[in-house]
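Enquirer: In the working numbering, the protein residues as written are 158 to 409. We put the beta carbon where it would ideally sit given N, CA and C, even for glycine. Let me give you the structure first, and then I'll get to my questions.
In structure tokens, the structure reads:
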């Protein structure tokens, strides 16, 4: 898999601009079309949006990379792994978190990590583009929307672009589900949707999906199935709902 040079800086925009040309050259060296052209073929029916080209290049690169990896046990060592997804408020308090690593096994350790990360990033300007830092031998990509702070972390040897795609999927899918009202009050009122979105993006540290619209659609469908009366649900919907309720009861 292609990698980009690692930079110990919060200026993610610098390497994001450089990457777009680097990624195209990687694809050409393999005798393939550029990542942007690949994505244009698959999204030609969709209207363009602000900044979409760069995001779609990242997603196309990730899809192309993942499709070329080996399957089976040998694949585990080469698959990018996410350490955690964090959603904190403007004062650094936890709203929703998912830990996929055993590095923080206890709630006090998790709380200390979240506090340290918040204090490290709170004074940076991450309200436009996502920012990137190296923190405790981790790559951290983060973004602030109103009073909500989104974080995605991975080990220092992972690819920043993959982590950036995960963060975009996280923040954009939540924004879609909340109809653009990304603020603490709305997030808390719809916390079940936010947690479902996190589960759709990463499972056990393995990236499942980085397309925000696909994530939002799946979460919306799951939410709608849960709200339907049992008599109006299809057999598969009722079975899935029953399994989820049983799982929740076992975890309590």
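Run through DSSP, which three-state label would residue 343 get?
Expert: Here residue 343 corresponds to residue number 186 of the chain shown, with the count starting at 1. Three-state DSSP puts residue 343 in a helix.
Enquirer: Could you tell me which residues DSSP pairs with residue 297 in its beta bridges?
Expert: Translated into positions along the chain shown, residue 297 becomes position 140. Per DSSP, 290 and 310.
Enquirer: When you compare only the Cα positions, how much space is there between residue 335 and residue 255?
Expert: Start at 1 with the first residue of the chain shown, and residue 335 comes out as number 178. Start at 1 with the first residue of the chain shown, and residue 255 comes out as number 98. Straight-line Cα distance between these residues: approximately 20 Å.
Enquirer: Using CA atoms only, rank isn't needed, just tell me which of 253, 269, 239 and 327 is closest to residue 341.
Expert: Taking the first residue of the chain shown as 1, we reach residue 341 at position 184. That would be 253, whose Cα lies nearest to the Cα of residue 341.
Enquirer: Just to confirm, are residue 296 and residue 329 a CB contact at a threshold of 7 Å?
Expert: Position 139 of the chain shown, counted from the first residue, corresponds to residue 296. Position 172 of the chain shown, counted from the first residue, corresponds to residue 329. No; because the gap between Cβ atoms is not below 7 Å, this pair is not in contact.
Enquirer: What three-state label does DSSP hand residue 263 in the structure shown?
Expert: Along the chain shown, one-based indexing puts residue 263 at 106. The answer is coil: DSSP assigns residue 263 none of H, G, I, E or B.
Enquirer: Look up residue 374 in the DSSP assignment and say whether it is helix, strand or coil.
Expert: Stepping through the chain shown from its first residue, residue 374 is reached at position 217. Residue state, collapsed to three classes: helix.
Enquirer: Can you look up residue 335 in the DSSP assignment and give me helix, strand or coil?
Expert: As a first step, residue 335 must be located in the chain shown, where it is residue number 178. If DSSP states are grouped into helix, strand and coil, residue 335 belongs with coil.
Enquirer: Whole angstroms are fine: how far does the CA of residue 307 sit from the CA of residue 277?
Expert: Position 120 of the chain shown holds residue 277. Position 150 of the chain shown holds residue 307. Distance between the alpha carbons of residue 277 and residue 307 is about 14 Å.
Enquirer: Determine the contact status of residue 311 and residue 367, defining contact as a CB-CB distance below 7 Å.
Expert: Stepping through the chain shown from its first residue, residue 311 is reached at position 154. Stepping through the chain shown from its first residue, residue 367 is reached at position 210. It is not a contact, given that the beta carbons lie outside the stated cut-off.
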